[in-house]
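Trainee: The numbering of the sequence shown is our numbering, which starts it at 8 and goes up by one.
Before I ask anything, let me first share the structure, which is written out below as structure tokens.
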Amino acid sequence: MANGSMTNPPTGGKVAAAGEAGKRAAALAALELVQEETRLGVGTGSTVNFFIEALAGSHRRPAGAVSSSEGTSRLLRAAGIDVLDLNMSGELELYVDGADEADPGLRLIKGGGGALTREKIVAAASREFVCLVDERKRVDVLGAFGVPIEVIPMARSHVAREIVRLGADPEYRETPPTDNGNVILDCHGFHIEEPLALEARLNAIAGVVACGLFAARPADRLIIGAADGQVEMVTA
Ligand code: 5RP
């Protein structure tokens, strides 16, 4: 095919804008799933922020929401949505969150925003987990993003050595502590042929609070937003 007849892929700022449009489209589609009086779980990140913004501007009023981070709690309150305590709310009907990667089995890598532990808890406590991604986050095999792992601070070096033994390369994330007072190791180079087995293996390392592989509790529904505003829904 001659170069002139090929569609040029977006570059630089256009890539970011395309990603943003996809996230926004997925967030708007998720709004349709919120019924009056739904007890929601709400994740963390720029995609979820579009969802909260859309919810604030809509007539849909959930009963309240359990939040996966302090940042999301602030946005929910500003949007006039009650922030619920998971210990009091009971099971949640719907959990809405983003992801860093999603595979065809709706297994995910999460934790780019550092909220993975609370996200895992809220996902586990929800009947339906709807994950919103822009199309760039779809992968055949998880792993290129790396696997974020939340670690108790005193165990950081121990966990890092265990990760090296497993054949990956841990990188200390130099950000303020997580909402739980812990640190994040971003682990690169895993060949994730069996996400469920790797998740269990990582969870078994002393000092690991949670890892960003969501295979034991994958999404139930993936909403994929494209740059042109189209959305695709994939269910498990
Ligand atoms: C935060 C997460 C986010 O869902 C993930 O990083 C995607 O973020 P964004 O919507 O900003 O692309 O797991 O811990």
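Positions of the beta carbon are idealized from the N, C-alpha and C atoms, including for glycine.
Because the structure is a prediction, the values reported are computed rather than measured.
How long is the line joining the alpha carbons of D235 and A106, rounded to whole angstroms?
Mentor: As a working note, residue 235 is residue 228 in the sequence shown. As a working note, residue 106 is residue 99 in the sequence shown. Distance between the alpha carbons of D235 and A106: 20 Å.
Trainee: Buried or exposed for S65, going by 16 or more other Cβ atoms inside 10 Å?
Mentor: Mapped onto the sequence shown, residue 65 falls at position 58. Label assigned to S65: exposed.
Trainee: Using a Cβ-based criterion (distance less than 6 Å to any ligand heavy atom), does G48 qualify as near ligand 1?
Mentor: The residue given as residue 48 occupies position 41 in the sequence shown. Flag unset: Cβ of G48 not near ligand 1.
Trainee: Take P184 and list the residues in its own chain whose beta-carbon comes closer than 8 Å to its own, dropping the five residues that flank it on each side.
Mentor: Indexing the sequence shown from 1 puts residue 184 at position 177. Cβ within range, chain order: P160 and V190.
Trainee: In three-state terms, what does DSSP make of G71?
Mentor: As a first step, residue 71 must be located in the sequence shown, where it is residue number 64. DSSP places G71 in strand when its eight states are reduced to three.
Trainee: Buried or exposed: which applies to T182, given that a residue is buried once 16 or more other Cβ atoms fall within 10 Å of its Cβ?
Mentor: Position 175 of the sequence shown, counted from the first residue, corresponds to residue 182. Looking at its Cβ environment, which holds fewer than 16 other Cβ atoms inside 10 Å, T182 is exposed.
Trainee: If I'm right that L99 touches L38 with Cβ under 8 Å, what's the distance once you round it to whole angstroms?
Mentor: Taking the first residue of the sequence shown as 1, we reach residue 99 at position 92. Taking the first residue of the sequence shown as 1, we reach residue 38 at position 31. Incorrect: roughly 17 Å between the Cβ atoms, too far for contact.
Trainee: Hey, is G1 close to ligand 1, as in C-beta under 6 Å from one of its heavy atoms?
Mentor: Because the chain here runs from 8 to 243, residue 1 falls outside it and cannot be looked at.
Trainee: Hey, how far is the Cα of T124 from the Cα of V140?
Mentor: Here residue 124 refers to the residue found at position 117 when the sequence shown is read from its first residue. Here residue 140 refers to the residue found at position 133 when the sequence shown is read from its first residue. Roughly 19 Å separates the two Cα atoms.
Trainee: Which word fits A211, buried or exposed, when buried means at least 16 other C-beta atoms lie within 10 angstroms of its C-beta?
Mentor: If you number the sequence shown from 1, residue 211 lands on position 204. With fewer than 16 Cβ atoms within 10 Å of its Cβ, A211 is classed as exposed.
Trainee: Between the segment 164 to 174 and the segment 212 to 227, do three or more beta carbon pairs fall short of 8 Å?
Mentor: Yes: at least three Cβ pairs fall under 8 Å.
Trainee: Reducing DSSP to helix, strand and coil, say where E180 ends up.
Mentor: By 1-based counting over the sequence shown, the position of residue 180 is 173. Sequence inspection shows Arg at residue 180; the Glu mentioned does not correspond to that position. It is coil, neither helix nor strand.
Trainee: Give every residue of the same chain whose Cβ lies closer than 6 Å to the Cβ of G219, excluding the five residues on either side of it in the sequence, and list them in chain order.
Mentor: By 1-based counting over the sequence shown, the position of residue 219 is 212. I116, K117, G118, L123, V154 and P155, listed in sequence order.
Trainee: Given V55, which residues of its chain have a CB within under 7 Å of its CB, disregarding the five upstream and five downstream residues?
Mentor: Position 48 of the sequence shown, counted from the first residue, corresponds to residue 55. Closer than 7 Å at the Cβ level, and outside the excluded window around V55, lie V49, T79, V103, D104 and G105.
Trainee: Distance, Cα to Cα, E206 vs E135?
Mentor: On the sequence shown, residue 206 is found 199 positions in, with the first residue counted as 1. On the sequence shown, residue 135 is found 128 positions in, with the first residue counted as 1. Looking at the two C-alpha atoms, the distance is approximately 21 Å.
Trainee: Out of F197, A86, A151 and D147, state which residue places its alpha-carbon closest to the alpha-carbon of R67.
Mentor: In the sequence shown, residue 67 corresponds to position 60, counting from 1. Among F197, A86, A151 and D147, the Cα nearest to that of R67 is on A86.
Trainee: If you run the structure through DSSP and keep just helix, strand and coil, what is V166?
Mentor: Along the sequence shown, one-based indexing puts residue 166 at 159. V166: helix per DSSP, three-state reduction.
Trainee: Exposed or buried, which one is A36 when buried takes at least 16 other CB atoms within 10 Å?
Mentor: As a working mapping, residue 36 is identified with position 29 in the sequence shown. It counts as buried.
Trainee: Within 10 Å of its beta-carbon, does G188 have 16 or more other beta-carbons around it, so buried, or fewer, so exposed?
Mentor: Taking the sequence shown and counting its residues from 1, the one referred to as residue 188 is at position 181. By the 10 Å Cβ count, G188 comes out exposed.
Trainee: Considering Cα atoms alone, identify which of P177, G52, D186 and A223 is closest to G196.
Mentor: The sequence position of residue 196 within the sequence shown is 189, counting from 1. The option with the nearest alpha carbon to G196 is P177.
Trainee: List the endpoints of the continuous beta strand (DSSP E) containing S96.
Mentor: Taking the sequence shown and counting its residues from 1, one reaches residue 96 at position 89. That residue, S96, is in no beta strand (DSSP E); its alpha helix (DSSP H) goes L93 to S96.
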